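Colleague:
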Amino acid sequence: MRNVVLSLLVGQTVLIVLLMRYSRTVERSAAAGPMYKPSVAVFLAELFKLPLCLAMIAYETRGAALAEVLHEELLGAKRADTLKCCVPALCYTVQNNLLFLSLSHLDAPTYQICYQMKTLTTAGFAYLLLSKRLAASQWLAVGLLVAGTVLVSDVQAAPREAAAASSRAVGLAAVLVAATLSGFSAAFLEALLKKPSVAGLWMRNVQLGLFALPIAAATMAWQDGAFVAEYGLLQGFGAVEWAIVLVNGMGGLLIAATMKYADAVVKCFANALAIILGGVVAVPMFELRLGRSFLLGGACTVVASSLYAWAPNWSLPALLRERRSLATETSSTEGHAEFTHKPSTATSTEMQPLVAACDEIDDEDEVEVSMNADGKRE
């Protein structure tokens with residue numbers, strides 16, 4: 001089951017990026033009307049995810065206690081935890097909209113590499129919010145990730161892709177803000193999940209959905225309310241757009257399944273593999289030419305993700321303490337050997353009179369014992 005879930009997660013990560021990129025760059029006929037709005041796709045994905053999570057909870061509780069479980073978790077004694085879910089829900093909703101914006105201005109490989117900055121932001125917020133310390137090898141991995149992100153700038157597109165080069169800065173800014181929100185929301189949600197007696201992952205998705213759905217609806221109304229009022233909610237939706245909604249909605253469920261059957265560390269491998277597959281598929285699909293800088297940056301990212309996940313069980317402070325301890329033990333051993341084999345001259349000189357007196361007393365006692373034994377002298 002573990003391998004199946006991870007394989008599905010890799011496929012979902014690659015597929016959602018390619019579908020989103022294709023839907024935002026494909027040429028449309030005039031008869032098809034305006035292109036769909038990303039805020040509508042985000043809203044529909046949240047709307048799709050909520051009933052699926054409720055169905056999974058009903059399956060786990062066999063349906064009999066579903067109402068009681070929902071009342072206890074959402075409105076009962078644990079409603080405080082439900083209210084806390086509004087923070088990551090807001091972050092996730094804004095993040096999804098920013099990802100659509102970034103893919104409208106960036107090619108798929110550059111987007112995937114830059115979005116891996118979320119590992120750096122996750123590490124930083126995990127330290128700030130969870131006081132989680134990283135191993136030295138993990139900090140090395142973070143450094144490699146930053147280097148890979150900087151290097152991935154030599155992606156040359158076909159003329160229709162190059163026409164959007166002037167808006168590249170907008171795409172980079174959007175994906176970096178999305179990576180920051182991803183790191184913060186992941187650390188915040190982990191803090192909620194690590195609390196004792198917390199809700200299950202499916203219930204957490206329901207709690208997130210209860211806030212994410214109205215936030216997504218409000219975002220859609222604020223950004224594209226006039227568009228929806230004029231053309232309708234589903235304007236521009238075709239097979240590709242509906243596939244985006246389904247795949248995006250399944251992404252949250254697959255992450256929950258990954259946390260259940262594997263862990264967050266193994267998820268790094270899925271992201272690294274998705275980068276490779278996404279780049280390979282995007283080359284013929286979007287007529288991209290990947291330069292050496294991109295290949296080197298991609299290699300750094302893959303190595304960094306693997307090193308971060310397979311971090312050895314050592315850290316720099318621990319190594320320094322161990323080194324100091326070994327130095328102390330070595331110094332103590334050498335001092336003991338010197339004391340044992342080379343006694344102090346001053347100490348030996350001071351003890352000589354006492355040793356001589358003791359020898360003299362022993363000689364007198366020996367003579368006295370000998371006389372008493374012969375009976376000639378008391």
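With UniProt numbering as the guide, the letters of the sequence shown map in order to residues 1 to 378.
Note that the Cβ used here is the ideal one computed from N, Cα and C, for glycine as well.
No experiment lies behind these values; they were computed from the predicted model shown.
Suppose contacts are defined by Cβ-Cβ distances below 8 angstroms. Is Ser-39 in contact with Asn-97 by that definition?
Modeller: Yes, these two residues count as a Cβ contact at 8 angstroms.
Colleague: Would you tell me roughly how many angstroms separate the C-alpha atoms of Val-69 and Glu-60, rounded to the nearest one?
Modeller: About 11 angstroms.
Colleague: What residue range is occupied by the uninterrupted alpha helix (DSSP H) comprising Ser-23?
Modeller: Unbroken alpha helix (DSSP H) run through Ser-23: 2–25.
Colleague: Let me check understanding here. Comparing Cα to Cα, which of Tyr-22, Cys-91 and Ser-7 lies closest to Ala-216?
Modeller: Measuring from the Cα of Ala-216, the nearest candidate turns out to be Cys-91.
Colleague: Go ahead and pull the three-state DSSP assignment for Leu-290.
Modeller: In the structure shown, Leu-290 sits in a strand (DSSP, three-state: E or B).
Colleague: Could you tell me the boundaries of the alpha helix (DSSP H) in which Phe-227 lies?
Modeller: Element bounds for Phe-227: 201–231.
Colleague: If I follow the unbroken alpha helix (DSSP H) through Met-56, where does it start and stop?
Modeller: Unbroken alpha helix (DSSP H) run through Met-56: 38–60.
Colleague: Tyr-36 and Gly-232 - do their beta-carbons sit closer together than 8 angstroms?
Modeller: No.
Colleague: Mark Glu-27 as exposed unless 16 or more other C-beta atoms lie within 10 angstroms of its C-beta, in which case mark it buried.
Modeller: That one is exposed.
Colleague: Alpha carbon to alpha carbon, how far is Leu-151 from Leu-296? Give it in angstroms, no decimals.
Modeller: If you take the alpha carbons of Leu-296 and Leu-151, they lie about 7 angstroms apart.
Colleague: Mapping the DSSP letters down to three states, classify Cys-86 as helix, strand or coil.
Modeller: Residue state, collapsed to three classes: helix.
Colleague: If you reduce the DSSP assignment to three classes, tell me which class Phe-237 lands in.
Modeller: Three-state DSSP puts Phe-237 in coil, outside helix and strand.
Colleague: Return the residue from the list Gly-76, Ala-135, Leu-210 and Phe-125 that minimises the CA-CA distance to Trp-310.
Modeller: The candidate whose alpha carbon is nearest that of Trp-310 is Ala-135.
Colleague: Measure the alpha-carbon distance for Pro-284 versus Leu-15 and round it to whole angstroms.
Modeller: Computed Cα separation, rounded: 15 angstroms.
Colleague: On a CA-only basis, which of Gly-249, Ala-80 and Met-117 is nearest residue 384? Give me that one, please.
Modeller: In the structure as shown, the chain begins at 1 and stops at 378. Residue 384 is therefore absent and cannot be evaluated.
Colleague: Which term fits Ala-274, buried or exposed, when burial requires 16 or more other beta carbons within 10 angstroms of its beta carbon?
Modeller: Ala-274 is buried by the Cβ-count criterion.
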